[in-house]
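What follows is a single structure, written as structure tokens, with notes after it.
Residue numbers (this note's numbering): 2 to 624.
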């Protein structure tokens, strides 16, 4: 397998499609290229047909986060080719890694099947690429400073050698062509790839992180009516800042940029601070190791946790008043080999008071959900992976209900937001309150509407179904990939199919995608390859949109998130299929014929409507 710089043919088509070049300009550039032998992008710059800034924007948009599925597949091929495991064994390993939520390489090392170095050597032989032992190589600052810090961290690559014409990149998994294109443009050099061990690469990152990207810590002025965005930066706090001031500044900064979580992570040389914004983690600060215990202790004191206990996980809560507004936070610690890791979840009440349209449902979807909610009894399930907004959707549904004439009771783990007019119970295993026991008790509370945070086991599923069959509305969540698989999950909980058919009113599957920043939104004509990936006709006259990056979104191109939904209404036809033990595929096929829009179709529609980008849909939804 060979990796090379930007295909001149592909770059030319891209520039023509986006209106940055005319056919005549491209023809002249190609004539000049034949004379000089230089890459097309360099010729275009020298002829002044395109500005360096515009070329950077175009190439940067082509760079995405590494595709874990493709990386895992490449590693599987290498292991099978090297007789390090059968295809059946590799499939089993891949399934176990997926269950653990880890990349295949990381899982194999963690389980002791291979060392990181062994995997790197196997992959290098398979790809016919050189292997480099980072322990035997010294990399100077002038080399690693060739690339931006964020690019190296996101793509897990690092420049190792530079001779002025070529730059040798170290990577545990080779980056894709788009990344190499961008690196070639940034450095003005032909990129070559060598395989390195992932653990040694990460060790090198940890050693260099405090020296990388010296951006200013100050936030740019905020315009009236504009939402604050995160500064994509890596900085160190002033030395004269007290621990109390430091912790306050970290939390206040997170609130300013609408972060949902703050991560304090001990590393080899310092503590890393990261904010999660719109579902993505961003590095924002590096705290010296000498301050790490004091920072963790300060947060524990605020959350009324035991500051002397560092060996077991702890949970706590705290509240802070910031700029006149009170914010509630949930704290969780986790002991690691390098010290305690701490996560602060910022609970924003705006998530509680959202309506159905605010979570991303269009008019058609809103009508469907309202019809489901209007049914006097039965079960509605919201499904999706962790962090896909299921709880927010449940709250939006509850907001549609009449709290004055109904007795609404919820059981949650934990109760994050206190809802007016609703009786909320928190799971507490030490007190004997589980989802199952709590739900059983709720049935004796003359409840009209029940909300169960999550159906996790057979007993909870049986009680929830029984409640739905005996005249109560039940709302709950499951971790499934789409709507038909929720039915399979209920079957796996030993619920008989005829009971599922009778109890279930509907299933809503969802994902969250980032929205294009409205301040820097611009249109472009998508390539045929993108249209094919989205399942659209190649000859369609489509205009897609992208955020070019601006101060408002800190040059990410995105501002906020919205939901993508798949809504399965359990009508008479679907009930018969469920009762007759129909498969997921049969149920899905019939539902689509009846007008159900899949997650894929809903995501593509949001791209067509200019709400999000193809990259976001492909990142969140398997196409």
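For each residue, glycine too, the CB sits at the ideal point set by N, CA and C.
Through-space distance from residue 578 to residue 571, alpha-carbon basis: 10 Å
C-beta atoms of residue 409 and residue 436 nearer than 9 Å: no
heavy atom of the ligand PLP below 8 Å from residue 586 C-beta: With respect to the ligand PLP, the structure shown offers nothing to examine, as it has no ligands at all.
Rounded Cβ spacing between residue 456 and residue 470 (contact assumed at less than 8 Å): Not quite, the Cβ-Cβ distance comes to about 15 Å (not below 8 Å), so this is no contact.
Short Cβ contact (9 Å threshold) for residue 392 with residue 454: yes
Same chain, Cβ closer than 7 Å to residue 1, five either side skipped, listed in chain order: The shown model of the chain, from 2 to 624, leaves out residue 1, and the question about it has no answer.
Secondary structure, alpha helix (DSSP H): runs of 4+ residues fully inside the region 383–462: 391–399 and 436–443
Nearest candidate by alpha-carbon position, reference residue 266, set 291, 256, 328 and 339: 339
Outcome for residue 164 when other beta-carbon atoms lying within 10 angstroms are tallied against a minimum of 16: exposed
DSSP three-state assignment for residue 526, whether helix, strand or coil: coil
Residue from 341, 313 and 509 with nearest C-alpha to residue 372: 509
Residue closest to residue 378, alpha-carbon to alpha-carbon, out of 416, 197 and 451: 451
Cβ pair count under 8 Å reaching 3, the region 326–339 against the region 296–310: yes
Cα-Cα separation between residue 190 and residue 56, rounded to whole angstroms: 16 Å
Residue 399 and residue 369 closer than 9 Å at C-beta: No, these two residues do not count as a Cβ contact at 9 Å.
Cβ separation of residue 475 and residue 487, assumed to be a contact under 8 Å, to the nearest whole Å: So it is not a contact: roughly 13 Å between Cβ atoms.
Residues that residue 508 bridges to, as DSSP identifies them: 382 and 569
Cβ-based neighbour list, residue 447, same chain, cut-off 7 Å, excluding 5 preceding and 5 following: The beta carbon of residue 447 sits closer than 7 Å to those of 408, all from its chain and outside the five residues before and after it, given in chain order.
Integer Cβ distance of residue 168 from residue 192, believed to fall under 8 Å: 6 Å
Residues of its chain near residue 12, where Cβ-Cβ distance is below 7 Å and the 5 sequence neighbours each way are ignored: 41 and 42
Reduced DSSP secondary structure (H/G/I, E/B, other) of residue 609: helix
From 534, 375 and 432, residue whose alpha carbon lies closest to that of residue 602: 534
Residue 341 (DSSP reduced to helix, strand or coil): strand
Cβ neighbour criterion (16 or more within 10 Å) applied to residue 213: Bear in mind that the predicted position of residue 213 carries a pLDDT of just 39, short of 50, making it unreliable; the figure below should be weighed with that in mind. Under this definition residue 213 is a buried residue.
Residue nearest to residue 518 in terms of C-alpha spacing, selected from 24, 416 and 552: 552
Buried or exposed (CB count within 10 angstroms, at least 16 for buried), residue 375: exposed
Three-state secondary structure assigned by DSSP to residue 306: Collapsing the DSSP output to three states places residue 306 in coil.
Top-ranked residue by Cα proximity to residue 317, from 337, 326 and 347: 347
For residue 118, the three-state DSSP class (helix, strand or coil): In this structure, residue 118 counts as helix in the three-state DSSP scheme.
Every unbroken alpha helix (DSSP H) within the region 265–306, with a cutoff of 4 residues, ordered by chain: Scanning the region 265–306 from its first residue to its last, the whole alpha helix (DSSP H) runs of 4-plus residues come out as 293–303.
Beta-carbon contacts of residue 460 that lie in its chain and below 8 Å, excluding the five residues immediately before and after: So the list reads 437, once near-sequence residues are dropped.
Identity of the residues DSSP links to residue 547 by a beta bridge: 523
Close Cβ partners of residue 507 (< 7 Å) along its chain, the five nearest in sequence each way excluded: Here the set comprises 373, 381, 568, 569, 570 and 571.
Touch test, the region 488–501 against the region 555–563, Cβ-Cβ under 8 Å, three pairs minimum: no
Residue range of the unbroken alpha helix (DSSP H) whose run includes residue 485: 485–493
Contact belief for residue 401 with residue 566 at Cβ below 8 Å, rounded distance in angstroms: Actually they do not touch by this definition, with Cβ atoms about 15 Å apart.
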